[in-house]
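Take the sequence shown: its letter number 55 is residue 55 in the UniProt record's numbering, and every next letter is one higher.
Cβ coordinates follow ideal geometry from the N, Cα and C atoms, glycine included.
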Amino acid sequence: MYKYEEISAELKAMFTSGKYEPGALLPDQEQLAREFNTTRMTIRKAVQTLVTEGVVYTRRGAGTFLRKDFRRDDNELDSSIDKPYGTTETYLGRKVTSKVLGLDARLPTGKEQDQLLIGPGEPVYVIRRVRYVDGQVYAYEHTVMPTKIATITEEVLMGSVYKHLADEKGMHIAGSHRKVYAIKATAEDVEALGARLNDPVLAITQVSYTEEGEPFEYSITHFPYETSSVVADVEIKR
């Protein structure tokens, strides 16, 4: 993760913690640069990320403001489709926990080989876990990852896999290709999400890749329809 992305996540937690009311004027970029011991350019990029996410807006000559329509008490757990962040970074400042349902290693299927650009003899981890935000079921993840990427344990899966990859391997995530669609709940969804069989379920299939263009994760994530939605913020450039 780049420096401005880390600062953007911290700023989002700061601005939406309740300290500032919707519509409030936020600290200027010079003040934030001093607080985070970084440059104004980095702060500008971090703030622009929050503009794109719909958290803040700027007015030339006036400053940066928390969006008036921002709702911190929204029960929906949005999944942004335009950012490669994992659950921990998406909900920075909130309690994110995991329940590991399975961690195994095997040889990849043909489709997994195609998605991850690996050979038939290269083993992969198969990870199944449920993610919770503030004690509420957020998602059921089924992830396939080459074992050569890093050592993955159940202890790692209780926290952030992306953070583990950054800390252990110095890996920077460049992006993800995502497909969003709806399915009917399976028996696995009944177990993991508490869904009823054949209930509608939001699904996202994702391939994530590093700065070097190497795919390192092929995942299918299911979200309960009652509390989840997909958000895409569109920035219009003039």
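Under DSSP, L66 forms a beta bridge with V56. Close CB contacts of V100 within its chain, under the 6 Å cut and outside five residues either way in sequence, are with R129, E154 and L157 (chain order). Take the alpha-carbon of L165 and the one of M145: they are about 12 Å apart. Pairing S17 with G93, the inter-Cα distance amounts to about 8 Å.
In this structure, E141 places its C-beta atom within 9 Å of the C-beta atom of I127. As computed with DSSP, I173 is found in a beta bridge with T210. Taking a C-beta distance under 9 Å as the contact criterion, T186 and L197 qualify as a contact pair. Secondary structure in the segment 124 to 179: the alpha helix (DSSP H) runs of 4 residues or longer, each lying completely within the stretch, are 154 to 157 and 161 to 169 in chain order.
In the displayed model, A13 falls within a helix according to three-state DSSP. Shortest Cα-Cα distance from Y20 to any of E35, T38, V55 and Q31 involves V55. With respect to the 9 Å criterion, F223 and Y138 are classified as neighbours on the basis of their beta carbons. Annotated as proximal: T97 and G135, with beta-carbon spacing under 9 Å. In this structure, the straight-line span from the alpha carbon of T109 to that of I118 is close to 10 Å.
Residue pairing for I220: DSSP places it in a beta bridge opposite H142 and T205. Here L32 is buried, its C-beta having at least 16 other C-beta atoms within 10 Å.
D189: member of the alpha helix (DSSP H) spanning A187 to L193, first to last residue. In the displayed model, I7 falls within a helix according to three-state DSSP.
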